[in-house]
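Residues 0 to 111 (numbering that gives the first Met the number 0) are what the sequence shown spells out, left to right.
C-beta: ideal position from N, C-alpha, C; glycine also.
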Amino acid sequence: MKLENTQIQMRKGILEFCILQIISRGEVYASDMLEELTSAKIMVVEGTLYPLLTRLRKAGLVDYKWVESNSGPPRKYYTITSAGSEFLASLKTTWQELVNSTSQIISNNNSK
Numbered sequence: 000m001k002l003e004n005t006q007i008q009m010r011k012g013i014l015e016f017c018i019l020q021i022i023s024r025g026e027v028y029a030s031d032m033l034e035e036l037t038s039a040k041i042m043v044v045e046g047t048l049y050p051l052l053t054r055l056r057k058a059g060l061v062d063y064k065w066v067e068s069n070s071g072p073p074r075k076y077y078t079i080t081s082a083g084s085e086f087l088a089s090l091k092t093t094w095q096e097l098v099n100s101t102s103q104i105i106s107n108n109n110s111k
C-alpha cells in the first residue's frame with residue numbers, strides 16, 4: 000500500500016467541505032479557489048475542481064453568475080445558496096466529530 004495514495008484519498012474526502020467553506024465567504028472565482036486549495040495542499044489539479052463545482056451547483060448548494068472582465072472573457076463567480084449554507088453547517092459538525100474521534104484514538108494509542 001502506498002502512503003501517497005492514502006493521502007490523496009484523505010484530501011479528496013474533504014475537498015467538497017473545503018470548497019463550500021471557501022465559497023461561503025462570498026463571491027469567488029474558480030481560479031482563486033484553486034489557488035487557495037493548492038496553497039493549503041488540498042488539491043493541485045484543475046480538472047478536479049470544475050466537475051465538483053458542477054455537482055455542487057446541480058445539487059443546489061452553490062450558484063454562479065457571469066461577470067464581465069476587462070482583461071478577457073466573462074468570469075464565473077460562485078456563491079453559496081441557503082441550502083449550501085445549511086449543508087456546510089452539517090459538514091462542520093461532522094468534521095468536528097471526526098477531529099475529536101481521531102484525536103481520541105491517537106491519544107489512546109500514544110498512552111499505551
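For G83, is the classification buried or exposed, using 16 other Cβ atoms within 10 angstroms of its Cβ as the cut-off for buried? Numbered from 1 along the sequence shown, position 84 holds the residue referred to as residue 83. That one is buried.
Hey, how far is the Cα of A88 from the Cα of L19? Start at 1 with the first residue of the sequence shown, and residue 88 comes out as number 89. Start at 1 with the first residue of the sequence shown, and residue 19 comes out as number 20. Rounded to whole angstroms, A88 to L19 spans 10 Å at the Cα level.
Using the Cα positions of C17 and K57, report the straight-line distance between them to the nearest angstrom. Residue numbering aside, residue 17 sits at position 18 when the sequence shown is read from its first letter. Residue numbering aside, residue 57 sits at position 58 when the sequence shown is read from its first letter. Between C17 and K57, the C-alpha separation is close to 18 Å.
Look at the alpha carbon of W65 and the alpha carbon of G12, and state the distance between them as a whole number of angstroms. To locate residue 65, count along the sequence shown from 1; it is residue 66. To locate residue 12, count along the sequence shown from 1; it is residue 13. Between W65 and G12, the C-alpha separation is close to 29 Å.
Rounded to a whole number of angstroms, what is the C-alpha to C-alpha distance between F86 and D62? Working through the sequence shown from its first residue, we reach residue 86 at position 87. Working through the sequence shown from its first residue, we reach residue 62 at position 63. Spanning the two alpha carbons is a distance of roughly 14 Å.
Which residues does DSSP pair with R74 in a beta bridge? Reading the sequence shown from its first residue, position 75 is the one you call residue 74. Under DSSP, the beta-bridge partners assigned to R74 are V66.
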